[in-house]
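Quick note on numbering: the sequence shown equals residues -23 to -1, 1 to 194 in mature numbering (1 follows the signal peptide of the UniProt record, and there is no 0). Contents: one structure, followed by commentary.
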Amino acid sequence: MSVPVRRCFRLLPALVLVTGLLAGCWGSSGTDQNATSDSGAPSAQDSAGIELPSTRPSAGTEASPSAAQSSAPVPGAYPGAGGPRPVNATPITAVYSGYAVIVTPSKNISCEFSDTSAGCGVMNYTDSKPYGSDELGPKWWVRMKSSASADQAEPEMVSRSQPPLSQNPGTPGQQVEYGTVVYHGDYVCASEDAGLTCWNTTTGHGAFMNRDATATF
C-alpha cells in the first residue's frame, strides 16, 4: 500500500503543472480573440450602436446653377425681364418735355416713356399687319400701363395715328445698341439681336418685340 501512495504523491506536481499550462492557453486564446475584435471589424454588439441613414441623400436637393439664374418671362425675352432694374442699366439720355425716347439700331422699333404713359412702336407692323387693324388703322403700337395706372395689366397692341417721336427731327431717339440696357423711371429696355424687351419694374409687366411678333407678359 505504501508504493501506490508514493506514486500518487509523485504524480501530483505533474498534474498541477499540466493544469496551469492549460489554463494559460485558454486565457491567451480569449485575449487574442478580443484583440482581433478591437483592431478589425466591429463586433455585433458594437455594430448595434451605429446609426445608419435610412435613405440616401437625394442629388436634387441643391439648386442647379441654371435654376438659380433668372429666366426670361417669354421665349426670346431678356433674362430677368419683369424683375428689378438690372445693375448695368444706364439712364436714357434723349428726354424731351418729360418724354424719354429710344430707337433700335434697325430703326424698326422705337419707344416713348413718361410718368403718365409709355409704349413702343414696331414700324413694319404697319405693312405686315400681324395683329390686324381697327378704325384707326394697323395695330402696331404696344401700349404699356404706367405704375400709377389702376389697371396694371399686360401691355396691349393698339393702333396709333401719329408717328413715333423718334421720327420727329426735334425729338430724335437715343439709339440703344444691341447688348445695351437703358431705363427711365420705372421702365427698362434691353436691346438685343433677337429683339427689344421693355418692362415696368413696379408692375412687372412688359413686352418682347421684334419684326416677326410681340409677346406680352
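C-beta: ideal position from N, C-alpha, C; glycine also. Treat the numbers as computed from the prediction; the structure is a model and nothing was measured.
In chain order, each beta strand (DSSP E) run of at least 3 residues that lies wholly inside the stretch 106 to 185: 114 to 121, 133 to 136, 157 to 161, 164 to 169, 172 to 177
With H, G and I counted as helix, E and B as strand and the rest as coil, what does DSSP make of A103? Taking the first residue of the sequence shown as position 1, residue 103 is located at position 126. Checking the displayed sequence, the identity of residue 103 turns out to be Thr instead of Ala. The answer is helix: DSSP assigns T103 an H, G or I state.
Endpoints, the beta strand (DSSP E) within which Y76 is located: Taking the sequence shown and counting its residues from 1, one reaches residue 76 at position 99. Here the beta strand (DSSP E) through Y76 covers 76 to 80.
Taking 8 Å as the cut-off, decide whether the C-beta atoms of A190 and A58 are in contact. For the purposes of this step, residue 190 is taken as residue 213 along the sequence shown, with counting starting at 1. For the purposes of this step, residue 58 is taken as residue 81 along the sequence shown, with counting starting at 1. No, the pair does not count as a contact, with Cβ atoms beyond the cut-off.
Here's a check: name, in chain order, each residue in its chain whose Cβ is nearer than 7 Å to the Cβ of A49, leaving out the five neighbours to either side. Here residue 49 corresponds to residue number 72 of the sequence shown, with the count starting at 1. Excluding sequence neighbours, A49 sits near Y55, P56, A58.
Looking at V80: is its Cβ nearer than 8 Å to the Cβ of Q152? The sequence position of residue 80 within the sequence shown is 103, counting from 1. The sequence position of residue 152 within the sequence shown is 175, counting from 1. Their beta carbons are under 8 Å apart, which means V80 touches Q152 by this criterion.
Rounded to whole angstroms, how far is the Cβ of I69 from the Cβ of V159, which I believe are closer than 8 Å? Counting from 1 along the sequence shown, the entry for residue 69 is found at position 92. Counting from 1 along the sequence shown, the entry for residue 159 is found at position 182. With a Cβ gap of about 5 Å, I69 and V159 count as contacting.
Since V72 sits in a beta bridge, which residues does DSSP pair it with? Taking the sequence shown and counting its residues from 1, the one referred to as residue 72 is at position 95. Answer is A77, bridged to V72.
With distances taken from CA atoms, which of N187, G75, G172, T157 is nearest W62? For the purposes of this step, residue 62 is identified with residue 85 of the sequence shown, where counting begins at 1. A small fix is needed here, since residue 62 is Arg in this sequence, not Trp. Looking at the Cα atoms, T157 is the closest of the given residues.
What's the gap between the Cα of S110 and the Cα of S74? As a working mapping, residue 110 is identified with position 133 in the sequence shown. As a working mapping, residue 74 is identified with position 97 in the sequence shown. When rounded, the distance between both Cα atoms is 31 Å.
Beta carbon of E154, beta carbon of P107: below 8 Å? Position 177 of the sequence shown, counting from 1, holds the residue named residue 154. Position 130 of the sequence shown, counting from 1, holds the residue named residue 107. Contact: no.
State the CB to CB distance for the pair Y164 and A71, rounded to an integer number of angstroms; the pair is presumed to be in contact (CB under 8 Å). One-based indexing of the sequence shown puts residue 164 at position 187. One-based indexing of the sequence shown puts residue 71 at position 94. So it is not a contact: roughly 14 Å between Cβ atoms.
Quick check: S123 and T93, are their CB atoms within less than 8 Å of each other? Residue numbering aside, residue 123 sits at position 146 when the sequence shown is read from its first letter. Residue numbering aside, residue 93 sits at position 116 when the sequence shown is read from its first letter. In this structure, T93 lies closer than 8 Å to S123 by Cβ.
Less than 6 Å between C-beta atoms, sequence neighbours within five positions excluded: which residues of the same chain meet that for I27? In the sequence shown, the residue the question calls residue 27 occupies position 50. In this predicted model, I27 has a pLDDT of only 38, less than 50, meaning its place in the structure is not dependable; the value taken from the coordinates is given anyway. Contacts found: none.
Quick one: residues in its chain with C-beta nearer than 6 Å to the C-beta of T174, no 5 flanking neighbours on either side, listed in chain order? As a working mapping, residue 174 is identified with position 197 in the sequence shown. Excluding sequence neighbours, T174 sits near A54, Y55, A58, A167, F185.
Helix, strand or coil for S91 per DSSP? Walking along the sequence shown from the start, residue 91 turns up at place 114. Three-state result, S91: coil.
Leaving out five residues before and five after D170 in sequence, what residues of the same chain have Cβ atoms less than 7 Å from its Cβ? In the sequence shown, the residue the question calls residue 170 occupies position 193. Excluding residues within five positions, the ones whose Cβ falls inside 7 Å are Y155.
Should P52 be labelled buried (16 or more other beta-carbon atoms within 10 Å of its own) or exposed? Taking the first residue of the sequence shown as position 1, residue 52 is located at position 75. Exposed.
For G98, which of helix, strand or coil comes out of DSSP? One-based indexing of the sequence shown puts residue 98 at position 121. Looking at G98 - three-state DSSP - the assignment turns out to be strand.
Going by the DSSP bridge assignment, what does A192 pair with across the sheet? Taking the first residue of the sequence shown as position 1, residue 192 is located at position 215. Beta-bridge pairing links A192 to F185.
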